[in-house]
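Here my numbering is used: the first residue of the sequence shown is 246, the next is one more, and so on. Glycine is no exception: its CB is placed at the ideal position from the N, C-alpha and C atoms.
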Amino acid sequence: MKAVNDVEGFVELTKQLVAIPSVNGTPGEVDVAEFVVTWLKKLPYFRRFPHRVWTQEIPGDPLGRKNVFAWVKGQTPATVLLHGHLDTVGIEDYGPLQELAFQSDALKKEIERFSGADDRVKEQAASGNWLFGRGALDMKGGVAVHMKLVEFWSNRPEEPPGSILFMANPVEENQHSGIMAALSELLRLREQENLQFMCAVNADYVTAGYEGDSARYLYTGATGKLLLNVLIRGRETHVGEAFGGLDPVFVMAECLRELNYNPELCDRVGLETGQPPVALYARDLKPAYNVQTAGGAWLYFNWFVLNSTPEAVLAQVKRKVEAARDRALALRNGYMDQYTEFAEVKGQMPRYEREDMPILTFSEWLEGLEDGVRARVDDVLRNTRYSVEVDQREATRDLVERCLAAAGQTSPLILLYYSSPFCPRNRLQEERPDHRRVLKAVEAAAGAVAARYGEVLKIRPFFPYLSDSSYLNMVDEPRAVHMFTANFPGWGTTYSVPLDEIRKLSIPAINLGVYGFDAHKWTERLYIPYSFGVLPKLIQRVVEMLWENRQWEEEN
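See the structure below:
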């Protein structure tokens, strides 16, 4: 089959997508979906088959956001899913260039002379090989690649050997609710249209692994994400009697020292090393200023997982938090002893007590409650609901506080629990025939494309960022997931992930992405020669190799 070759078309379509502000949580997510639908429906194929382009609204979404689907039906049920997300992060980081954030050409010209840009970025802007603008790299360039591939295969005079299902989702940059809603639609299509999903290809961005790295990376799995919460309950006191209470902020500071950026806590698989945990939030729980110490403190961490189970992560965190608590209490008690000695010399007789601060996971805390107390707490967990406008992390923390109140818990305590979002980890597994065929197709296509275009293509097992691909396949066993949900207050009421649907779909998921630098920064830019000159041919080759593998159909 002739190779797809339309660099100018890819560039122009990406600029059109970038020009639509689709910042996560704004009506622009609806606008960009409507643009994609309109663009697809103008293609000759979909003018013949208009019912093969459709949308699916996200249930209960206050903005009316929707998933976009387009199906190019092939000669066999063998189907490859091409998917990506349409939302972007905000533009506050553009500073004085905010008004140009969605204007690729004007932004590029301004960056060439902007004093805030470093020389490397200016040179790349001037070269003409880079496309700038919010979302160009993450990931409207990838969506454009998929849209143009849909156009390419739909323009064949005869049906292609297999089917292409295109899917574009909103809400990837925080809660992933677009892809989760899409799972039911994918299951419906598989049943009603007899589609056999051979592989899902995401085109989310890839970048250099280190300074001077010239490789382009192809990923055969997705890193998992846990949001690990540490809620610290202390005991308030007036600042005029400093040691009369137990300051949770003092303990929180030691927890940050113990956990944040700690490379000991990086997950590892073979030669692969994940990122360390990073605190995304840390504060006391005082609602306003007063001269009382805080009664509580709260912090949560982004926790990437490659191989670890949620249970193993909790055990690891518990050990580290124990060390942090012990260090904090030892410091506090030492300071208290010094102050007491000083006060006694002055004729004062302060009476301060040492206090303990137990550390429990949420499930351990529940299991330790007496039956009558547990019934009150279970009632809170079953019946508490929150508006969709409430931040889900705040909702889960509030739910925990309600549970503590229902149990009459007033003594100091550290609770460890999970909150949203949850991204399951997955990877292609050699022992599974359907996965092995995808791996072989990627390896063969990478070898051929690298030789033809002089690229260095490296295959790695885990996409290193968060990805909608997490929701198409998962490797965690049911027991491991149960330990996660048992430590997620409000699972199934305030938040849930359609785990059963993910297991039913079980689509081998890979990421063959556009290349560039500085996603989520104002210098975000996409490298045109690889992203639009080489990547489309790589994806085309992988897809067509999978279509031609009849053995897959026989074994499944």
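* Three-state class that DSSP yields for Gly579 in the structure shown -> helix
* Asked: Which whole runs of the beta strand (DSSP E) in the segment 345 to 430 are 3 residues long or more, in chain order?
  -> Those beta strand (DSSP E) runs which fall completely within the segment 345 to 430 and span 3+ residues are 375 to 377, 408 to 414.
* To do: Any chance you could list the alpha helix (DSSP H) runs of at least 4 consecutive residues sitting entirely within the segment 456 to 502, in chain order?
  => If we require 4 residues or more, the segment 456 to 502 turns out to have no alpha helix (DSSP H) run fully inside it.
* Residue from Met392, Arg786, Val494, Val416 with nearest C-alpha to Val694 -> Arg786
* Is Asn250 buried or exposed, if buried means 16 or more other CB atoms sit within 10 Å of its CB? -> exposed
* **Separation of Asn269 from Ser715, as counted between CA atoms** => 19 Å
* Less than 8 Å separating the beta-carbons of Lys385 and Leu262? -> yes
* To do: Pull up the CB-CB distance for Gly387 and Gly758, whole angstroms please, since I reckon it's below 8 Å.
  => Yes, they are in contact, since the Cβ atoms of Gly387 and Gly758 sit about 6 Å apart, within 8 Å.
* Asked: Mind checking Leu525: buried by the 16 CB within 10 Å criterion, or exposed?
  -> exposed
* To do: With DSSP as the reference, please indicate the residues paired to Asn447 in a beta bridge.
  => His328, Asn756
* Asked: Is Pro734 near Phe546, with beta carbons less than 8 Å apart?
  -> no
* Taking three-plus beta-carbon pairs below 8 Å as touching, is the segment 325 to 344 in contact with the segment 414 to 424? -> yes
* **Of the residues Asp623, Asp364, Ala640, Val625, the one placed nearest Tyr631, counting alpha carbons only** => Ala640
* Smallest Cα separation from Arg697: which of Val317, Glu404, Lys782? -> Lys782
* Could you tell me whether the Cβ atoms of Ser665 and Gln369 are closer together than 8 Å? => no
* To do: My understanding is that Leu658 touches Leu576, with C-beta atoms under 8 Å, so please give their C-beta distance in whole angstroms.
  => In fact, because the Cβ distance is near 19 Å, the residues do not count as touching under 8 Å.
* Asked: How big is the Cα-Cα spacing for Pro304 and Leu750?
  -> 20 Å
* Asked: If you run the structure through DSSP and keep just helix, strand and coil, what is Phe291?
  -> helix
* Paired residues, beta bridge with Arg770 - DSSP -> Phe377, Phe762
* Asked: Are three or more beta carbon pairs between the segment 489 to 507 and the segment 551 to 566 nearer than 8 Å?
  -> Contact between the segment 489 to 507 and the segment 551 to 566 is established, with three or more Cβ pairs separated by less than 8 Å.
* To do: To the nearest angstrom, report how far apart Glu789 and Arg433 are at their CA atoms.
  => 24 Å
* Asked: Does the beta-carbon of Tyr455 have 16 or more other beta-carbons within 10 angstroms, so that it is buried, or is it exposed?
  -> Here Tyr455 is exposed. Its C-beta has fewer than 16 other C-beta atoms within 10 Å.
* Asked: Going straight from the alpha carbon of Gly273 to that of Gly423, what length do you get?
  -> 15 Å
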